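Peer 1:
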Amino acid sequence: MGLNRNIEVKYPAIFRDEGTYWGVRFPDVPAAQTFGNSVQAAAVNAANALAVALFDQEPPRASDPRFWKLATTEFVVWITMADAKFGPGSTSPAPTN
1 MGLNRNIEVK YPAIFRDEGT YWGVRFPDVP AAQTFGNSVQ AAAVNAANAL
51 AVALFDQEPP RASDPRFWKL ATTEFVVWIT MADAKFGPGS TSPAPTN
């Protein structure tokens, strides 16, 4: 069973300052990795990466990031992907860098 587009999907993402860009990864959804040249652009790209990674699979349970050990250049943001639309006729936003 794939992603039900009528539910809200929320996962904690680790944002990492890479110097010239912000890298984003989802420990619960390893296929959803992305980046952006600002935190805002990285967050938009993260929501899109999450949608693509979960397109054809059952969403895994989200972890509790309170127990994660982060580097000093990292922080956690909850990324929400709701009402995903795929395929012909969809108006998915283009990635932002």
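Quick note on numbering: the sequence shown equals residues 1 to 97 in full-length UniProt numbering.
Idealized CB from N, CA, C, for every residue including glycine.
Keep in mind that this is a model prediction, so the values were computed, not measured.
1. Whole beta strand (DSSP E) runs in the stretch 28-63 with 3 or more residues, listed along the chain?
2. For the candidate residues 36, 13, 66 and 28, whose alpha-carbon lies nearest to that of residue 58?
3. If you follow the beta strand (DSSP E) that residue 8 is part of, which residue opens it and which one closes it?
4. If we call anything under 8 Å between Cβ atoms a contact, is residue 25 one with residue 41?
5. Based on the DSSP secondary-structure assignment, which residues constitute the bridge partners of residue 25?
Peer 2: Looking at the coordinates:
1. 33-36
2. On the sequence shown, residue 58 is found 58 positions in, with the first residue counted as 1. Among 36, 13, 66 and 28, the Cα nearest to that of residue 58 is on 28.
3. Against the sequence shown, residue 8 aligns to sequence position 8. Per DSSP, residue 8 belongs to the beta strand (DSSP E) from 8-17.
4. Taking the first residue of the sequence shown as 1, we reach residue 25 at position 25. Taking the first residue of the sequence shown as 1, we reach residue 41 at position 41. No, these two residues do not count as a Cβ contact at 8 Å.
5. Counting from one through the sequence shown, the residue named residue 25 turns up at place 25. Note: residue 25 sits in a beta bridge opposite 14 and 33.
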